[in-house]
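Participant: Residue numbers (the working numbering): 2 to 130. Quick one: the structure is below, and I'll ask about it shortly.
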């Protein structure tokens, strides 16, 4: 592109170092929102503290430097499970993983877990059902 006309910015891979967590890399034509979600998924699986504010700030950093199709991450999913309390699933958590962990912690019956999965998977793509 830029050899045919003047470009306002260089086409380069973007790399963001997140203190105490790791590095997020987005290739030239990569999707920043997808890269941030994948980074958060891997960091959370490794036991690192990841917040929605951190994820939003990472996405904002990328979108300041490159045009983004998606400028906001999907919202967290929440369900109130009586009498155990709320189940909150951040955008990078697969609903099946979150429901299984919550169900094991609170010893939920299978039918309750199945209803939670149906509700969450109707609002977000689930990796498994």
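Just so it is clear, CB atoms sit at the ideal spot from N, CA and C, and this is done for glycine as well.
At 4 residues or longer, what runs of the alpha helix (DSSP H) sit wholly inside the region 33 to 119?
Facilitator: List check, alpha helix (DSSP H) in window: 33 to 46, 53 to 66, 96 to 107.
Participant: Alpha carbon to alpha carbon, how far is residue 101 from residue 114?
Facilitator: Taking the straight line joining both Cα atoms gives about 7 Å.
Participant: Should residue 94 go down as buried or exposed, given a rule of 16 or more other Cβ atoms within 10 Å for buried?
Facilitator: Buried: at least 16 other Cβ atoms inside 10 Å.
Participant: In chain order, what residues of the same chain lie with their CB nearer than 7 Å to the CB of residue 41, ignoring the 5 residues before and after it?
Facilitator: Contacts found: 51, 56, 93.
Participant: Nearest to residue 84 by alpha carbon, out of 107, 32, 64, 70?
Facilitator: Nearest of 107, 32, 64, 70 to residue 84, Cα basis: 107.
Participant: Measure the C-alpha to C-alpha separation of residue 36 and residue 87 and round it to an integer number of angstroms.
Facilitator: Their backbone Cα atoms lie some 28 Å apart in a straight line.
Participant: According to DSSP, which residues form a beta bridge with residue 18?
Facilitator: For residue 18, which the question treats as bridged, DSSP gives the partners 24.
Participant: Do residue 124 and residue 78 come within 8 Å of each other at the CB atom, strictly closer than that value?
Facilitator: The answer is yes: Cβ separation under 8 Å.
Participant: Measure the alpha-carbon distance for residue 32 versus residue 90 and round it to whole angstroms.
Facilitator: Cα to Cα, residue 32 sits roughly 22 Å from residue 90.
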